[in-house]
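Data first, discussion second: the structure below is written as structure tokens.
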Amino acid sequence: MILRRVEERIRSALSRLWPDADITAVRVEAAREKGHGDLATNAALVLAKQLRRAPLDIAADIVADIESDPLFLDVEIAPPGFVNCRVTPAAWRELLGRILLEGDRFGTTKEGEGRREQVEFVSANPTGPLNVVSARAAAVGDTLASLLEATGIDVEREFYVNDFGSQVDHLVESVAYFLDGEKGEFPENGYRGAYVADLAGDVAANLAPLFRPGGEENDDPGAAALEEWVGEIAAGEGKGDSSRNAPPLPEGRKLPLAVSEKTWRALLRRWVLEKMLEGQREDLASFGVSFDSWYRESRLHGEGKVEETLAELEKTGDVYEKGGAWWFRSSKYGDDDDRVIRRSDGRPSYFLADIAYHREKALRGFDRAIDILGPDHHGHIARMEAAMEALGRKKGWLEVFIVQQVNLVRGGKPVKMSKRAGEFVTLRNLIDEVGVDAARFFFLMLRPNTHLNFDMELATKKSLDNPVYYVQYAHARVCSVFRHAEAAGIGAGTGNGCLDLLDSPDDIELIRFLDPFPGVVASAARHREPQRLGAYLKELAATFHTYYHKVKVVGPQEEITLARLALLEGVRTVLRNGLRLLGVSAPDSM
RNA sequence: GCGCCCGUGGCGCAAUGGAUAGCGCAACGGACUUCUAAUCCGUAGGCUGGAGGUUCGAAUCCUCCCGGGCGCACCA
């Protein structure tokens with residue numbers, strides 16, 4: 001807020017002094033060094049070339065223009081041409097008043113208002129429990145969405161469900177293998193792992209008793225309705241939610257129902273799919289992540305969107321036939337190669353369905369779509385962007401970025417995992433072993449596109465390898481001061497009127513540190529880099545901890561105590577708002 | 001081979017193109033009769049993988065090289 005005021009003041013000075021100059025590169029930022037004042041601008045350096053004058057001369061003109069402003073205590077020039085401003089204590093106190101007034105809203109801005117954007121993330125195949133890369137993507141995607149919301153954007157969180165392809169079929173075959181008593185060969189491309197056998201057990205206990213497969217091989221007229229019915233039961237049971245009772249049985253049927261082998265297979269598939277989805281949904285919910293929308297690939301096929309998309313793509317003239325298959329000329333738009341969209345057997349490729357999916361996003365009215373993908377998908381970026389461009393979307397409408405891989409380590413040694421054998425650490429394991437707060441903070445501390453070595457042993461230790469405790473402790477400590485004040489009979493933070501008593505360098509220094517918060521949130525959102533917020537919160541916590549040791553907040557003078565409690569309320573507000581964006585709890589005591 | 005990502009003190013990581021590159025862990029030395037020591041204060045540790053270039057100014061942008069990872073299907 002102070003930063004913005006200073007920036008506006010300087011920009012208006014610049015446009016008055018040099019109306020024709022390009023000032024887009026001018027920055028105002030909080031000074032890193034104490035000797036550099038509170039805020040600094042590079043304006044003179046940026047303008048030097050344009051104006052063909054020495055930076056120090058330009059700086060002198062700027063200083064002459066702004067130094068009389070009551071906002072400033074003093075304004076200085078520092079070689080090679082920085083202008084350093086010191087803001088009056090009164091202005092800082094005003095900032096604190098503003099923070100207390102805004103409360104939960106402090107940190108939000110309005111720059112994105114009126115925009116509607118979608119963030120799609122996780123979107124793992126419904127063939128097993130979520131792994132740690134999905135966990136990382138979940139933390140990053142969820143927090144990115146929250147950050148965007150904090151800038152005023154209307155954000156939808158979406159999970160794309162790949163329920164159409166052969167991967168689910170492979171899982172179903174694997175389940176069927178266990179269901180049939182593990183006879184014969186294990187299916188090719190099957191899924192191993194304890195959860196598959198568990199699924200089979202669940203089917204045997206809850207689904208198999210309802211049906212008697214082996215009937216006629218004709219198309220069961222009620223198959224579709226039965227499938228919906230099974231889907232409802234499976235989803236309801238997964239949730240343990242009695243309000244989602246299954247609809248009544250189709251007219252005139254009695255349990256167990258005789259069905260054809262083919263229908264039984266379809267029902268089994270549906271059951272398995274819903275169970276997997278429910279499992280993923282529950283794990284994500286325990287991780288603090290909930291989606292506004294679960295969009296199923298099957299829906300695109302069922303509603304004819306895939307064929308529609310193919311037809312539209314053909315109209316662009318970028319589709320051709322070769323070797324019996326149809327190809328999209330993605331190389332024309334920057335991809336390395338052209339890609340198959342209709343296979344020679346006539347089935348649409350996954351890529352085509354994906355194009356249809358993204359086309360639907362556009363038709364659903366989003367101003368921007370952000371996809372967060374895993375490290376094994378970066379080959380898809382170029383072709384997808386190519387397709388959207390061919391369909392007439394502006395470059396940048398679709399924004400794809402990769403969350404890099406996670407190497408799990410335990411006590412310094414790599415955790416052995418075998419995806420083939422179905423042995424891997426799941427999101428659920430992570431929550432149980434490390435906890436939601438630590439895991440989320442750890443994921444959000446790093447830039448999303450760096451490889452992460454996640455030491456599960458270290459993350460659980462109370463040591464500060466995991467700074468989440470450091471930040472949370474700062475919050476708990478503030479709360480503790482309030483408890484102490486209350487016990488001493490001093491009312492909590494009601495008196496804004498006495499803020500004027502905050503005049504020591506320690507007090508001002510701490511207030512000063514609250515100012516960048518909205519800017520940090522906005523830049524973390526804009527750059528899609530949540531770690532900026534985590535880093536800021538760590539610094540704020542450090543500044544507070546130092547303050548705590550130097551300044552005794554609750555003292556004999558009630559007036560100054562009240563003033564400092566107000567300051568701590570400001571600190572608490574920022575810590576809490578920041579942690580909330582990260583999806584990490586802000587405990588009152590630890 | 002082609003493409004993408006990453007190389008920052010021993011380890012893990014920060015740094016909207018800005019000033020003397022920060023922080024935590026680990027190491028060493030201090031601070032609890034105090035609102036929680038899950039904390040604080042101090043010491044030591046660096047040619048930001050290497051070489052060029054752009055710029056008033058580069059960890060950040062460009063080119064090449066070296067190292068690590070990932071991806072290059074009519075699979076999803």
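For the first sequence, the positions run 1 to 590 when the working numbering is used. Every residue gets a Cβ at the ideal spot worked out from N, C-alpha and C, and that includes glycine.
Got a sec? Which residues, its chain only, sit under 7 Å from residue i by beta carbon, not counting five neighbours each side?
i, result
"Ala434", "According to the sequence shown, residue 434 is Val rather than Ala. Cβ neighbours of Val434 beyond the five flanking positions: Met456, Ala459 and Thr460."
"Tyr547", "Asp506 and Leu510"
"Ser243", "Residue confidence for Ser243 is low, a pLDDT of 47 falling below 50, so the modelled location carries little weight; the figure read from the coordinates is stated next. There are no such residues."
"Gly493", "With a pLDDT of only 48 at Gly493, under 50, the local geometry of the prediction cannot be trusted, and the value read off the model is given with reservation. The residues are Leu565, Ala566 and Glu569."
"Gln531", "Leu444, Met445, Leu446 and Arg447"
CB-CB under 8 Å to residue i, same chain, minus the five flanking residues each way: which ones, in chain order?
i, result
"Gly288", "Asp142, Val436, Arg440 and Gly583"
"Trp327", "Val319, Tyr320, Glu321, Asp338, Arg339, Val340 and Ile341"
"Met590", "Tyr469, Gln472, Tyr473 and Ala476"
"Ala297", "Residue identity differs from the one stated: residue 297 is Glu in this sequence, not Ala. Tyr160, Val161, Asn162, Asp163, Phe164, Gly165, Ala353 and Tyr357, listed in sequence order."
"Arg11", "Ile23 and Val26"
"Leu95", "Met1, Ile2, Ile511, Leu514 and Asp515"
What does DSSP give as the partner residue(s) for residue i in the beta ladder?
i, result
"Glu539", "Answer by DSSP bridge pairing: none, since Glu539 is not bridged."
"Lys413", "Arg410"
"Lys322", "Ala325"
"Ser293", "Glu158"
"Ser260", "Gly215"
"Asp455", "Val409"
"Phe557", "Looking at the sequence shown, residue 557 is not Phe but Gln. DSSP output for Gln557 lists no bridge partner at all."
"Ile370", "Val119 and Glu399"
"Pro591", "What is shown of the chain runs 1 to 590, which leaves residue 591 out entirely."
"Ala78", "Phe82"
"Leu39", "Ala30 and Cys85"
Given a cut-off of 9 Å on the beta-carbon distance, is the pair residue i and residue j in contact?
i, j, result
"Val553", "Val481", "yes"
"Gly112", "Ala525", "yes"
"Leu373", "Val406", "no"
"Thr127", "Tyr191", "yes"
"Gly165", "Tyr357", "no"
"Leu148", "Glu120", "no"
"Leu565", "Ala485", "yes"
"Asp371", "Val400", "yes"
"Phe424", "Val132", "yes"
"Leu300", "Glu227", "no"
"Leu56", "Gly81", "yes"
"Ile58", "Ala44", "yes"
"Arg383", "Pro448", "no"
"Val259", "Gly215", "yes"
"Ala90", "Arg512", "no"
"Ala208", "Val175", "no"
"Ala145", "Ser134", "no"
Going by Cα to Cα distance, which pick from the options is closest to residue i?
i, options, result
"Arg342", "Leu313, Ile99 and Phe106", "Leu313"
"Lys315", "Ala258, Ala390, Lys322 and Ile355", "Ala390"
"Phe106", "Leu277, Gly570 and Leu17", "Gly570"
"Glu559", "Val468, Ala522 and Ile490", "Ile490"
"Leu444", "Arg281, Glu303 and Leu581", "Leu581"
"Asp345", "Ser331, Pro516, Gly324 and Arg364", "Gly324"
"His377", "Ala137, Leu171 and Ala91", "Ala137"
"Glu102", "Leu144, Val122, Met1 and Ala54", "Met1"
"Ala204", "Trp294, Asp180, Ala124 and Ala30", "Asp180"
"Ala197", "Arg576, Asp588, Ala542 and Ala421", "Ala421"
"His170", "Gly184, Val155, Asn189 and Lys49", "Asn189"
"Glu8", "Asp20, Asp69 and Ala60", "Asp69"
Report all residues from its chain with a CB closer than 6 Å to the CB of residue i; omit the five preceding and five following residues, and keep chain order.
i, result
"Asn84", "His36, Gly37, Ala40, Glu76 and Ala78"
"Val230", "Leu267, Arg270 and Trp271"
"Asp241", "Caution applies to Asp241, whose pLDDT of 49 falls short of 50 and renders its modelled position unreliable; the model cannot decide the point."
"Phe544", "Ala474 and Val571"
"Pro348", "Val306 and Arg342"
"Ala387", "Ile355"
"Phe517", "Gly107 and Val574"
"Ala522", "Thr109 and Thr151"
"Asn604", "Residue 604 lies beyond the residue range present for the chain, which begins at 1 and ends at 590; the question has no answer from this structure."
"Ser585", "Asp437"
Below 8 Å on the Cβ atoms is my guess for residue i versus residue j; work out the distance and round it to an integer in Å.
i, j, result
"Val471", "Arg572", "Not quite, the Cβ-Cβ distance comes to about 12 Å (not below 8 Å), so this is no contact."
"Val87", "Leu100", "Going by Cβ atoms, the distance from Val87 to Leu100 rounds to 19 Å, so no, they are not a contact pair."
"Lys275", "Ala225", "In fact, because the Cβ distance is near 20 Å, the residues do not count as touching under 8 Å."
"Leu596", "Ala563", "Residue 596 cannot be examined here, being either before or after the span of the chain that is shown, 1 to 590."
"Asp292", "Arg98", "The Cβ separation is near 32 Å, so there is no contact."
"Leu257", "Phe211", "5 Å"
"Leu533", "Leu130", "Actually they are not in contact, since the Cβ atoms of Leu533 and Leu130 sit about 24 Å apart, beyond 8 Å."
"Leu47", "Trp18", "7 Å"
"Leu3", "Gly519", "6 Å"
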